[in-house]
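Undergrad:
Protein chains in written order, with UniProt numbering: chain A, 1 to 499; chain B, 1 to 499.
This is the structure in structure tokens:
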């Protein structure tokens, strides 16, 4: 395996003269909006992971593909790195700017180009908001399935870059399962079409490769998404448990009973209390855990499934089961879950949102592990899960004004992710690796695998100028992190609790 | 974009001394079964595309991963190309041997390692037959969804290599949608794990990249597949039409009505007659086209959908609609479709099976185009489609004993595929590119895109020794083919009928 791409970290990036680069780009890209004064750059210093902040050298806000092409070609020629940003709602620092780089903001590409109800597709520009696609499709009884919590704000281009999921991805899949074709541009300004309107495309599946590649391979310039018919009905059950591990086991048992819920979410006591305080969702605040199970489809089918799920929950030891009586109550149940993050934010000056995925059967064990880690670090952890697909979002509560607590929270977060890897899971479910989890990649992958990532990166971007320092660690970084070659149950961390 | 990999065509491959290579491999890989005599090699000279035949230099039948690793490392050192073969049922010549190469046959890796009904997964070796997975899962009420027509014989490793589909892929997806993790080995003998048991994995999506890569990137050594619960019931409707284009329009209208059938198949008059002669399926031989629409799920839901589909078919001008009364009749309806290929084989000394995909809305136009091409070439074409996902299998009837007819059939087939590209479709739906469609890749992709494929190939296999000459054409080949840079409606072929 040959290493062609030397993933640069900030410290190794070339030092570019800002005034020169600005003058060059102004000359080379007519009409391009370029921000360069500190006060103009400030709003772009972070994405949704605001613990990491870097002021970019320049911010570019192109309005046409010709401008994007000219900008990329010029940056390539000058050796200036480029970080692409959608709506900036990402939670792993994937759009964190570089001090020596251009931040390419795609927000002005915000047009829905086509909704074709017969083919059930929409063709959109990358800056279109996720929810705007469903709004445009609604008159035809259709919608776009992936629904990240940020769907009011996040852009579809960012969704492609991060392979975004959401509450319904257990049943309806991630972004990669709902995108048919993307138009992309490489750092060399070359335009490529990946995928097709057909189920499959000949040659390598570059569409899937590109989806979730976090801006490392190219810039998304147009997306064709699948639209689905709106389910006839949706019903939601809420089950309470007096034990969080019992709730974890119930999740696996629902799936094992042959049900694929539209959404299957879990919250633990701290998350329940925070949400209830905030939105009065009607949650049982004395419960150790609740499950929210939404079933959607045709009426008769949904009713059958509700009965089955109810039986499974009872057998699993649920202390109470409530079915939302109407749409208003259903919305209330979901409001608690959807506002869990800001709700937890009200309980603590700061919180750190993790994102790991584990095999469903390991839920009880990992919950126990997180509780032990929480106690060992003396930091509270609220757990909010897309439980059905094993995607966990532990929220670590801390106070950044207390000396060292941020570091402690980060370390605890890292340990939780390593625990995910140890049980056969992964260090990200839907938020991506970005800058945040670059070290944990060393725990997830072997050196050969990381080398292959770099080789694939080089196939698209031999100059290594697109979003350097994100997503894939250098082998040197992994050696420093000291956790190479980790697989199930073999994590060589002496300080990690054993389970 | 840098070209790193020089895709070799047969003529450009190194000349290896067979006796030397044999002696070397026998010494280097203890216990490896190596076939070298012409009579032993003969059964391996082609895969399911028997029009192409090449006798391999050697055939290797390893029994352990250590043998595979040692073999690959040795071939890499000697510069001997390697073609991997599963069950040899592929229809595009992807496993066509090389005169100067080793054919690596994975058929002895035929063990089902694990069926986990709670996690709904099975872990299997690559030589396991597709249907054997469903058989092993059946006691748990589960099955493996992708069902290529060859599922009795084809191997799951080959399914991954070709991203195989089947009658049910409209609803249940292709292989890539049903595989969670693969273990692979590179030409350098490095072992990698791609994917995970979770919905998503961090880093680039190498699992999806690898699926359908036709043995160009590495050798699949283990596969973890998803299992689905068997649908409670399945019902099938057969509709007759007096006009093939009407039937084509009905397909789009069924989907537009919000139904996703388990299977939605179409056959034209020639295919109907062939099938009826062969298996007495009860098909209306006077019809110009029939649609078979299978609906599966829970009883009440299926009944509702049957009513909806019936209304749509009536409105679309169906001249007759029959619902299979029982399982026996349902099996009979499907037997006709599943035996359509051998049935057509009885009508003509030879036939050539094409595989293209088009947007559903273009079905009527493409059917007209195929009819025109058929007339222009004086060769009969029977049409059998996975209509729901726009995947067509035109069968071109010819007699290889008639001077020039094979060439004519191949040329006609190429024209049909170019027509697919012209209307926004692709040159393969589920059979892959292999050796067969290497020229049509030039019609499908621009030079930049093909260069990217080569760069990705080089990221995994810089030596270019894995299955050279398949799947991705050289740019030189495309220049010769003379059809670069083709996109919707811009095909520069003066001799292609215009529509």
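For every residue, glycine included, the Cβ atom is placed at its ideal position computed from N, Cα and C. Here the structure is a predicted model, which means the values were calculated and not measured.
Does residue 489 of chain B pass the burial test, meaning 16 or more other C-beta atoms within 10 Å, or should it be called exposed?
TA: Residue numbering aside, residue 489 of chain B sits at position 489 when the second chain is read from its first letter. At residue 489 of chain B the pLDDT is 30, less than 50, meaning the model places this residue with poor confidence and gives no usable figure here.
Undergrad: Can you grab the Cα-Cα spacing for the pair residue 55 of chain A / residue 83 of chain A, in whole Å?
TA: Position 55 of the first chain holds residue 55 of chain A. Position 83 of the first chain holds residue 83 of chain A. Between residue 55 of chain A and residue 83 of chain A, the C-alpha separation is close to 12 Å.
Undergrad: Rounded to whole angstroms, what is the Cα-Cα separation between residue 195 of chain B and residue 207 of chain B?
TA: Walking along the second chain from the start, residue 195 of chain B turns up at place 195. Walking along the second chain from the start, residue 207 of chain B turns up at place 207. Going from the Cα of residue 195 of chain B to the Cα of residue 207 of chain B covers about 5 Å.
Undergrad: Let me confirm a value: residue 50 of chain A is counted as buried when at least 16 other C-beta atoms fall within 10 Å, else exposed. Which label applies?
TA: Along the first chain, one-based indexing puts residue 50 of chain A at 50. Residue 50 of chain A comes out exposed.
Undergrad: On the CB-based measure, 16 or more other CB atoms within 10 Å of its CB, does residue 362 of chain A come out buried or exposed?
TA: Within the first chain, residue 362 of chain A is the residue found at index 362, counting from 1. Buried, since its Cβ has 16 or more Cβ neighbours within 10 Å.
Undergrad: Mind checking the segment 267-298 of chain B against chain A and listing, in chain order, the residues whose C-beta falls within less than 9 Å of any C-beta there?
TA: Those residues of the segment 267-298 of chain B that come within reach of chain A (Cβ to Cβ, closer than 9 Å) are 297 and 298.
Undergrad: Take residue 92 of chain A as the anchor and find which of A:273, A:219, A:434 and A:30 has the nearest alpha-carbon.
TA: In the first chain, residue 92 of chain A corresponds to position 92, counting from 1. Residue A:434 is the option with its Cα nearest to residue 92 of chain A.
Undergrad: State the CB to CB distance for the pair residue 419 of chain A and residue 369 of chain A, rounded to an integer number of angstroms; the pair is presumed to be in contact (CB under 8 Å).
TA: Numbered from its first residue, the first chain carries residue 419 of chain A at position 419. Numbered from its first residue, the first chain carries residue 369 of chain A at position 369. Yes, they are in contact, since the Cβ atoms of residue 419 of chain A and residue 369 of chain A sit about 5 Å apart, within 8 Å.
Undergrad: Taking the C-alpha atoms as reference points, what is the distance between residue 215 of chain A and residue 236 of chain A?
TA: Translated into positions along the first chain, residue 215 of chain A becomes position 215. Translated into positions along the first chain, residue 236 of chain A becomes position 236. If I take the Cα positions, the gap works out to 37 Å.
Undergrad: So the candidates are B:36, B:65 and B:70; which of them puts its Cα closest to the Cα of residue 28 of chain B?
TA: Here residue 28 of chain B is taken as the residue at index 28 of the second chain, counted from 1. Nearest C-alpha to residue 28 of chain B: B:70.
Undergrad: Inspect the CB distances between the segment 220-232 of chain A and the segment 122-141 of chain A and report whether three or more fall short of 8 Å.
TA: Yes, they touch.
Undergrad: Counting contacts by CB-CB distance shorter than 7 Å, is residue 82 of chain A in contact with chain B?
TA: As a first step, residue 82 of chain A must be located in the first chain, where it is residue number 82. No - not a single Cβ of chain B is within 7 Å of the one on residue 82 of chain A.
Undergrad: Please list the terminal residues of the continuous alpha helix (DSSP H) segment that includes residue 454 of chain B.
TA: Mapped onto the second chain, residue 454 of chain B falls at position 454. Counting along the chain, the alpha helix (DSSP H) containing residue 454 of chain B begins and ends at 447-460.
Undergrad: Does DSSP put residue 139 of chain A in a helix, in a strand, or in coil?
TA: By one-based count along the first chain, residue 139 of chain A stands at place 139. Three-state DSSP puts residue 139 of chain A in a helix.
Undergrad: What residue range does the alpha helix (DSSP H) around residue 104 of chain A cover?
TA: For the purposes of this step, residue 104 of chain A is taken as residue 104 along the first chain, with counting starting at 1. Premise fails: residue 104 of chain A lies in the beta strand (DSSP E), 102-105, not in any alpha helix (DSSP H).
Undergrad: Which bits of chain B does residue 472 of chain A rub up against, with CB to CB less than 7 Å?
TA: Taking the first residue of the first chain as 1, we reach residue 472 of chain A at position 472. Within chain B, the residues near residue 472 of chain A are 203.
Undergrad: May I ask you to list, following chain order, the residues of the segment 360-381 of chain B that have a beta carbon less than 7 Å from some beta carbon of chain A?
TA: Residues 360 and 361.
Undergrad: Give a yes or no on whether the minimum CB-CB distance between residue 151 of chain B and chain A is below 7 Å.
TA: By one-based count along the second chain, residue 151 of chain B stands at place 151. By this cut-off, residue 151 of chain B is not an interface position.
Undergrad: Take residue 310 of chain A and list the residues in its own chain whose beta-carbon comes closer than 7 Å to its own, dropping the five residues that flank it on each side.
TA: Start at 1 with the first residue of the first chain, and residue 310 of chain A comes out as number 310. Here the set comprises 237 and 321.
Undergrad: Does any residue of chain B have a CB that is nearer than 7 Å to the CB of residue 453 of chain A?
TA: Against the first chain, residue 453 of chain A aligns to sequence position 453. It does; some Cβ of chain B falls within 7 Å.
Undergrad: Given that residue 196 of chain B touches chain A, what residues does it touch there, using C-beta distances under 8 Å?
TA: Counted from its first residue, the second chain places residue 196 of chain B at position 196. Residues of chain A passing the Cβ test: 357, 424, 425 and 426.
Undergrad: Compare the C-beta of residue 463 of chain B with all C-beta atoms of chain A and state if any pair is closer than 7 Å.
TA: By 1-based counting over the second chain, the position of residue 463 of chain B is 463. It does not; no Cβ of chain A falls within 7 Å.
Undergrad: Do three or more CB pairs link the segment 143-153 of chain B to the segment 183-191 of chain B at distances below 8 Å?
TA: In short, these stretches do not touch, since the Cβ pair count stays below three.
Undergrad: For the alpha helix (DSSP H) containing residue 177 of chain A, name the first residue and the last one.
TA: One-based indexing of the first chain puts residue 177 of chain A at position 177. That run of the alpha helix (DSSP H) goes 175-178.
Undergrad: Jot down the residue ranges of each uninterrupted beta strand (DSSP E) in the segment 381-432 of chain B, minimum 3 residues, whole runs only, in chain order.
TA: Segments of the beta strand (DSSP E) lying fully in the segment 381-432 of chain B: 381-386 and 391-398.
Undergrad: With 7 Å as the threshold, decide whether the Cβ of residue 479 of chain B is near any Cβ in chain A.
TA: Within the second chain, the letter at position 479 stands for residue 479 of chain B. It does not: the Cβ of residue 479 of chain B has no partner Cβ on chain A nearer than 7 Å.
Undergrad: Please name the residues in the segment 55-88 of chain B whose beta-carbon is closer than 9 Å to at least one beta-carbon of chain A, in chain order.
TA: Taking 9 Å as the Cβ-Cβ cut-off against chain A, none of the residues of the segment 55-88 of chain B qualify.
Undergrad: Confirm, please, whether the CB-CB distance from residue 147 of chain A to residue 173 of chain A is below 7 Å.
TA: In the first chain, counting from the first residue as 1, residue 173 of chain A sits at position 173. In the first chain, counting from the first residue as 1, residue 147 of chain A sits at position 147. In this structure, residue 147 of chain A does not lie closer than 7 Å to residue 173 of chain A by Cβ.
Undergrad: Output yes or no for whether 7 Å exceeds the beta carbon distance between residue 301 of chain A and residue 298 of chain B.
TA: Within the first chain, the letter at position 301 stands for residue 301 of chain A. Within the second chain, the letter at position 298 stands for residue 298 of chain B. Yes, the Cβ-Cβ distance between residue 301 of chain A and residue 298 of chain B is below 7 Å.
Undergrad: Counting only runs that start and end within the segment 24-50 of chain B, where is the beta strand (DSSP E) found for 3 or more residues in a row?
TA: Runs found: 33-35.
Undergrad: Going by the CB atoms, is the gap between residue 109 of chain A and residue 127 of chain A shorter than 7 Å?
TA: Numbered from 1 along the first chain, position 127 holds the residue referred to as residue 127 of chain A. Numbered from 1 along the first chain, position 109 holds the residue referred to as residue 109 of chain A. The answer is yes: Cβ separation under 7 Å.
Undergrad: I'd like to know whether the C-beta of residue 316 of chain A is nearer than 7 Å to at least one C-beta of chain B.
TA: Within the first chain, numbered from 1, the residue matching residue 316 of chain A stands at position 316. It does not: the Cβ of residue 316 of chain A has no partner Cβ on chain B nearer than 7 Å.
Undergrad: Here's a check: name, in chain order, each residue in its chain whose Cβ is nearer than 6 Å to the Cβ of residue 279 of chain A, leaving out the five neighbours to either side.
TA: Taking the first residue of the first chain as 1, we reach residue 279 of chain A at position 279. Here the set comprises 335, 336 and 339.
Undergrad: Could you name the residues of chain A that residue 169 of chain B contacts, counting a contact when the two beta carbons are closer than 7 Å?
TA: Position 169 of the second chain, counted from the first residue, corresponds to residue 169 of chain B. Chain A residues near residue 169 of chain B: 199.
Undergrad: Spatial neighbours of residue 233 of chain A within its chain, please: C-beta separation below 8 Å, excluding the five flanking residues on both sides.
TA: On the first chain, position 233 is the one that residue 233 of chain A refers to. Here the set comprises 296, 297, 298, 299 and 302.
Undergrad: What does residue 341 of chain B touch in chain A if you count any residue whose Cβ is under 7 Å from its own?
TA: Position 341 of the second chain holds residue 341 of chain B. In chain order: nothing, as chain A lies at least about 20 Å away.
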